[in-house]
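Colleague: The structure is given below, and queries will be raised subsequently.
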Amino acid sequence: MRNILIYTLLFVAFIASCAAQSIDSVKNTPADSLGRWYTGNPVPKKRFQAATFIAPVVLMGYGFAAVYDHGALKQLDVSTRAELQEDHPLFAAHVDDYLQFAPAAAVYALNLSGVKGKHNLFDASMLYVTSAAIMGVSTHFVKQGVGRERPDGSGLNSFPSGHTASAFMAAEFLHQEYKDVNPWIGYAGYFVATATGTLRMYNNKHWFSDVVAGAGFGIASTKISYLVYPYIKSLFTTKKEGNFTFMPFHQQGSTGLMLSGRF
(Lines of atoms letter the chains of each structure in order from A and count residues from 1; the text may use other names and numbers.)
(Lines give C-alpha, C1' and ligand atoms only; values in the text may rest on other atoms or scores of the structure.)
Protein backbone atom coordinates (compact mmCIF):
# COMPACT_ATOMS: atom_id res chain seq x y z
CA MET A 1 0.00 0.00 0.00
CA ARG A 2 2.86 2.36 0.84
CA ASN A 3 4.34 1.96 -2.63
CA ILE A 4 0.96 2.65 -4.20
CA LEU A 5 0.70 5.89 -2.21
CA ILE A 6 4.19 7.02 -3.20
CA TYR A 7 3.59 6.27 -6.88
CA THR A 8 0.22 8.02 -6.78
CA LEU A 9 1.67 11.16 -5.23
CA LEU A 10 4.49 11.21 -7.77
CA PHE A 11 1.88 10.82 -10.49
CA VAL A 12 -0.02 13.84 -9.12
CA ALA A 13 3.19 15.87 -9.18
CA PHE A 14 3.93 14.68 -12.72
CA ILE A 15 0.48 15.72 -13.96
CA ALA A 16 0.86 19.10 -12.34
CA SER A 17 4.28 19.74 -13.85
CA CYS A 18 3.10 18.63 -17.29
CA ALA A 19 0.17 21.03 -17.04
CA ALA A 20 2.49 23.87 -16.19
CA GLN A 21 4.84 22.94 -19.02
CA SER A 22 2.04 23.13 -21.59
CA ILE A 23 0.73 26.59 -20.62
CA ASP A 24 1.40 29.82 -22.46
CA SER A 25 1.92 29.16 -26.13
CA VAL A 26 1.66 32.91 -26.67
CA LYS A 27 5.15 34.17 -27.48
CA ASN A 28 6.80 37.28 -26.13
CA THR A 29 7.35 40.14 -28.51
CA PRO A 30 10.95 40.81 -29.61
CA ALA A 31 11.17 43.83 -27.34
CA ASP A 32 10.39 41.56 -24.39
CA SER A 33 12.70 38.68 -25.26
CA LEU A 34 14.30 38.80 -21.81
CA GLY A 35 10.90 38.30 -20.24
CA ARG A 36 11.25 41.17 -17.75
CA TRP A 37 8.50 43.71 -17.26
CA TYR A 38 8.85 46.90 -15.33
CA THR A 39 6.33 48.66 -13.12
CA GLY A 40 5.61 51.42 -15.61
CA ASN A 41 4.90 49.06 -18.51
CA PRO A 42 1.80 46.93 -18.99
CA VAL A 43 2.13 43.22 -18.25
CA PRO A 44 1.47 41.23 -21.45
CA LYS A 45 -2.04 39.83 -21.66
CA LYS A 46 -2.53 36.12 -22.26
CA ARG A 47 -5.26 34.42 -24.22
CA PHE A 48 -7.44 31.97 -22.33
CA GLN A 49 -6.66 28.40 -23.32
CA ALA A 50 -8.97 25.76 -21.89
CA ALA A 51 -6.42 22.98 -22.37
CA THR A 52 -4.11 24.49 -19.77
CA PHE A 53 -6.81 23.97 -17.11
CA ILE A 54 -7.44 20.29 -17.85
CA ALA A 55 -5.04 18.95 -15.22
CA PRO A 56 -6.22 21.11 -12.29
CA VAL A 57 -9.85 20.46 -13.20
CA VAL A 58 -9.17 16.70 -13.24
CA LEU A 59 -7.46 16.92 -9.85
CA MET A 60 -10.33 18.90 -8.35
CA GLY A 61 -12.86 16.60 -10.00
CA TYR A 62 -11.21 13.56 -8.46
CA GLY A 63 -11.43 15.17 -5.05
CA PHE A 64 -15.11 16.02 -5.35
CA ALA A 65 -15.86 12.53 -6.65
CA ALA A 66 -14.10 10.96 -3.66
CA VAL A 67 -16.03 13.12 -1.18
CA TYR A 68 -19.37 11.78 -2.35
CA ASP A 69 -18.24 8.30 -3.40
CA HIS A 70 -18.96 5.24 -1.28
CA GLY A 71 -16.91 2.79 -3.31
CA ALA A 72 -13.31 2.51 -4.46
CA LEU A 73 -12.39 6.19 -4.07
CA LYS A 74 -13.69 6.30 -0.51
CA GLN A 75 -11.87 3.06 0.25
CA LEU A 76 -8.61 4.49 -1.06
CA ASP A 77 -8.93 7.44 1.32
CA VAL A 78 -9.64 5.15 4.27
CA SER A 79 -6.93 2.58 3.48
CA THR A 80 -4.31 5.27 2.84
CA ARG A 81 -5.01 6.91 6.17
CA ALA A 82 -4.98 3.54 7.98
CA GLU A 83 -1.65 2.58 6.44
CA LEU A 84 0.03 5.86 7.31
CA GLN A 85 -1.25 5.83 10.88
CA GLU A 86 -0.28 2.21 11.37
CA ASP A 87 3.29 2.86 10.26
CA HIS A 88 3.68 6.27 11.96
CA PRO A 89 1.06 6.61 14.73
CA LEU A 90 3.00 9.32 16.60
CA PHE A 91 4.08 11.36 13.57
CA ALA A 92 3.80 15.06 14.40
CA ALA A 93 6.18 17.10 12.23
CA HIS A 94 4.72 20.49 11.38
CA VAL A 95 7.28 21.55 8.82
CA ASP A 96 4.40 21.57 6.33
CA ASP A 97 3.24 24.83 7.94
CA TYR A 98 6.35 26.47 6.49
CA LEU A 99 7.16 24.23 3.53
CA GLN A 100 4.05 25.43 1.69
CA PHE A 101 5.67 28.84 1.22
CA ALA A 102 9.07 27.55 0.06
CA PRO A 103 8.45 27.76 -3.73
CA ALA A 104 7.28 31.38 -3.44
CA ALA A 105 10.24 32.24 -1.21
CA ALA A 106 12.50 30.77 -3.91
CA VAL A 107 11.21 33.37 -6.39
CA TYR A 108 12.41 36.18 -4.14
CA ALA A 109 15.67 34.44 -3.28
CA LEU A 110 16.50 33.89 -6.95
CA ASN A 111 15.65 37.49 -7.84
CA LEU A 112 17.76 38.89 -5.03
CA SER A 113 20.65 36.64 -6.02
CA GLY A 114 20.58 38.05 -9.55
CA VAL A 115 18.63 35.29 -11.34
CA LYS A 116 15.76 37.31 -12.80
CA GLY A 117 12.38 35.78 -13.49
CA LYS A 118 9.66 36.73 -15.93
CA HIS A 119 8.49 39.77 -13.95
CA ASN A 120 10.09 42.30 -11.70
CA LEU A 121 9.51 41.89 -7.97
CA PHE A 122 6.60 44.33 -7.85
CA ASP A 123 4.56 42.55 -10.54
CA ALA A 124 5.62 39.13 -9.23
CA SER A 125 4.43 40.10 -5.75
CA MET A 126 1.10 41.33 -7.09
CA LEU A 127 0.66 38.11 -9.06
CA TYR A 128 1.35 36.07 -5.94
CA VAL A 129 -1.07 38.14 -3.86
CA THR A 130 -3.75 37.78 -6.55
CA SER A 131 -3.20 34.02 -6.66
CA ALA A 132 -3.40 33.79 -2.87
CA ALA A 133 -6.65 35.76 -2.82
CA ILE A 134 -8.25 33.51 -5.45
CA MET A 135 -7.04 30.38 -3.70
CA GLY A 136 -8.03 31.56 -0.23
CA VAL A 137 -11.55 32.59 -1.19
CA SER A 138 -12.27 29.50 -3.30
CA THR A 139 -10.98 26.96 -0.75
CA HIS A 140 -12.73 28.74 2.13
CA PHE A 141 -16.16 28.57 0.53
CA VAL A 142 -15.66 24.98 -0.63
CA LYS A 143 -14.56 23.95 2.86
CA GLN A 144 -17.66 25.57 4.34
CA GLY A 145 -19.94 24.14 1.69
CA VAL A 146 -18.67 20.56 1.78
CA GLY A 147 -18.11 20.32 5.55
CA ARG A 148 -15.99 17.20 5.41
CA GLU A 149 -14.65 15.90 8.71
CA ARG A 150 -10.90 15.71 9.13
CA PRO A 151 -9.36 12.26 9.64
CA ASP A 152 -8.44 13.14 13.24
CA GLY A 153 -11.90 14.52 13.95
CA SER A 154 -10.57 18.01 14.72
CA GLY A 155 -12.91 19.89 12.40
CA LEU A 156 -15.35 19.87 9.50
CA ASN A 157 -13.12 21.71 7.04
CA SER A 158 -10.99 18.92 5.64
CA PHE A 159 -11.81 19.34 1.93
CA PRO A 160 -9.80 20.60 0.17
CA SER A 161 -6.39 20.81 1.83
CA GLY A 162 -5.54 24.49 2.23
CA HIS A 163 -1.85 23.81 2.92
CA THR A 164 -1.59 21.74 -0.25
CA ALA A 165 -3.46 24.37 -2.27
CA SER A 166 -1.07 27.04 -0.97
CA ALA A 167 1.97 24.90 -1.79
CA PHE A 168 0.87 24.11 -5.35
CA MET A 169 -0.17 27.71 -5.90
CA ALA A 170 3.38 28.74 -4.95
CA ALA A 171 4.88 25.96 -7.08
CA GLU A 172 2.95 27.12 -10.14
CA PHE A 173 4.03 30.69 -9.36
CA LEU A 174 7.68 29.59 -9.28
CA HIS A 175 7.23 27.68 -12.53
CA GLN A 176 5.59 30.60 -14.31
CA GLU A 177 8.38 32.95 -13.32
CA TYR A 178 11.31 30.65 -14.18
CA LYS A 179 10.14 28.19 -16.81
CA ASP A 180 12.00 30.15 -19.50
CA VAL A 181 15.14 30.32 -17.36
CA ASN A 182 15.30 26.69 -16.25
CA PRO A 183 12.23 24.40 -16.20
CA TRP A 184 13.81 22.23 -13.49
CA ILE A 185 13.37 25.10 -11.05
CA GLY A 186 9.62 24.77 -11.49
CA TYR A 187 9.74 20.99 -11.19
CA ALA A 188 11.55 21.32 -7.87
CA GLY A 189 8.72 23.52 -6.64
CA TYR A 190 6.17 20.86 -7.50
CA PHE A 191 8.01 18.19 -5.57
CA VAL A 192 8.17 20.49 -2.54
CA ALA A 193 4.42 21.00 -2.90
CA THR A 194 3.89 17.24 -3.12
CA ALA A 195 5.93 16.80 0.05
CA THR A 196 3.65 19.33 1.76
CA GLY A 197 0.56 17.34 0.81
CA THR A 198 2.18 14.10 1.96
CA LEU A 199 2.99 15.61 5.36
CA ARG A 200 -0.63 16.74 5.75
CA MET A 201 -1.67 13.10 5.47
CA TYR A 202 1.08 11.88 7.79
CA ASN A 203 -0.12 14.43 10.34
CA ASN A 204 -3.60 12.92 10.01
CA LYS A 205 -5.10 16.26 8.98
CA HIS A 206 -6.33 15.33 5.51
CA TRP A 207 -7.58 12.47 3.39
CA PHE A 208 -5.77 11.58 0.19
CA SER A 209 -8.50 13.14 -1.98
CA ASP A 210 -8.27 16.38 0.05
CA VAL A 211 -4.65 16.67 -0.99
CA VAL A 212 -5.32 15.84 -4.64
CA ALA A 213 -8.07 18.45 -4.85
CA GLY A 214 -5.90 20.99 -3.02
CA ALA A 215 -3.26 20.61 -5.71
CA GLY A 216 -5.87 21.38 -8.34
CA PHE A 217 -7.16 24.45 -6.52
CA GLY A 218 -3.64 25.79 -6.07
CA ILE A 219 -2.57 25.36 -9.68
CA ALA A 220 -5.82 26.80 -11.04
CA SER A 221 -5.58 29.84 -8.76
CA THR A 222 -2.18 30.85 -10.12
CA LYS A 223 -3.18 30.20 -13.71
CA ILE A 224 -6.22 32.43 -13.27
CA SER A 225 -4.06 35.08 -11.63
CA TYR A 226 -1.72 35.23 -14.63
CA LEU A 227 -4.75 35.65 -16.89
CA VAL A 228 -6.51 38.43 -14.96
CA TYR A 229 -3.64 40.42 -13.44
CA PRO A 230 -2.67 42.21 -16.69
CA TYR A 231 -6.23 43.53 -16.98
CA ILE A 232 -6.26 44.58 -13.33
CA LYS A 233 -2.96 46.40 -13.71
CA SER A 234 -4.06 48.15 -16.88
CA LEU A 235 -6.83 49.85 -14.90
CA PHE A 236 -4.21 51.62 -12.80
CA THR A 237 -1.49 52.24 -15.39
CA THR A 238 -3.45 53.71 -18.30
CA LYS A 239 -1.42 56.50 -19.82
CA LYS A 240 -2.77 59.30 -21.93
CA GLU A 241 -1.00 59.77 -25.18
CA GLY A 242 0.09 63.25 -26.20
CA ASN A 243 2.09 64.97 -28.90
CA PHE A 244 4.57 67.60 -27.80
CA THR A 245 6.82 69.92 -29.76
CA PHE A 246 9.69 72.13 -28.65
CA MET A 247 10.03 75.27 -30.77
CA PRO A 248 12.65 77.99 -30.44
CA PHE A 249 11.27 81.51 -30.37
CA HIS A 250 12.66 84.99 -30.42
CA GLN A 251 10.87 88.08 -29.33
CA GLN A 252 12.12 91.55 -28.79
CA GLY A 253 14.44 91.35 -25.85
CA SER A 254 14.04 87.59 -25.21
CA THR A 255 14.96 84.23 -26.71
CA GLY A 256 13.92 80.75 -25.55
CA LEU A 257 12.04 77.48 -26.19
CA MET A 258 8.30 77.14 -26.45
CA LEU A 259 6.53 73.88 -25.55
CA SER A 260 3.36 73.17 -27.48
CA GLY A 261 1.32 70.03 -27.50
CA ARG A 262 -1.96 68.17 -27.19
CA PHE A 263 -2.91 66.28 -24.03
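Numbered by mature numbering (1 follows the signal peptide of the UniProt record, and there is no 0), the letters in the sequence shown go through residues -22 to -1, 1 to 241 in order.
Backbone N, C-alpha and C fix where the C-beta goes; we use that ideal spot for every residue, glycine too.
The alpha helix (DSSP H) that contains HIS141, what's its start and end?
Modeller: Looking at the DSSP string, the run of the alpha helix (DSSP H) that includes HIS141 is 140 to 156.
Colleague: Check whether the Cβ atoms of PRO138 and GLY194 sit closer than 9 Å, and answer yes or no.
Modeller: Their beta carbons are under 9 Å apart, which means PRO138 touches GLY194 by this criterion.
Colleague: GLN78 to LEU37, Cα distance in whole Å?
Modeller: Answer to the nearest angstrom: the Cα atoms are 18 Å apart.
Colleague: Roughly how many angstroms separate the alpha carbons of THR108 and VAL159, rounded to a whole number?
Modeller: Between THR108 and VAL159, the C-alpha separation is close to 23 Å.
Colleague: What's the gap between the Cα of THR176 and the Cα of THR142?
Modeller: Spanning the two alpha carbons is a distance of roughly 9 Å.
Colleague: Is HIS118 helix, strand or coil by DSSP?
Modeller: The answer is helix: DSSP assigns HIS118 an H, G or I state.
Colleague: From SER136, PRO67, ALA87, pick the residue whose C-alpha is nearest to that of ASP55; which is it?
Modeller: The shortest Cα separation from ASP55 among SER136, PRO67, ALA87 belongs to SER136.
Colleague: Give the range of the alpha helix (DSSP H) segment to which LEU205 is assigned.
Modeller: Looking at the DSSP string, the run of the alpha helix (DSSP H) that includes LEU205 is 186 to 212.
Colleague: Would you say the region 90 to 105 touches the region 144 to 164, given that touching needs at least three Cβ pairs under 8 Å?
Modeller: Segments in contact, yes.
Colleague: Put THR58 into one of helix, strand or coil per three-state DSSP.
Modeller: It is helical.
Colleague: Nearest by alpha-carbon distance to PRO81: which of LEU68, LEU152, VAL115, GLY140 is it?
Modeller: If we check each option's Cα against that of PRO81, LEU152 comes out closest.
Colleague: The alpha helix (DSSP H) that contains ARG178, what's its start and end?
Modeller: Counting along the chain, the alpha helix (DSSP H) containing ARG178 begins and ends at 161 to 180.
Colleague: Can you give me the C-alpha to C-alpha distance between TYR209 and THR215, rounded to a whole angstrom?
Modeller: C-alpha separation (whole angstroms): 10 Å.
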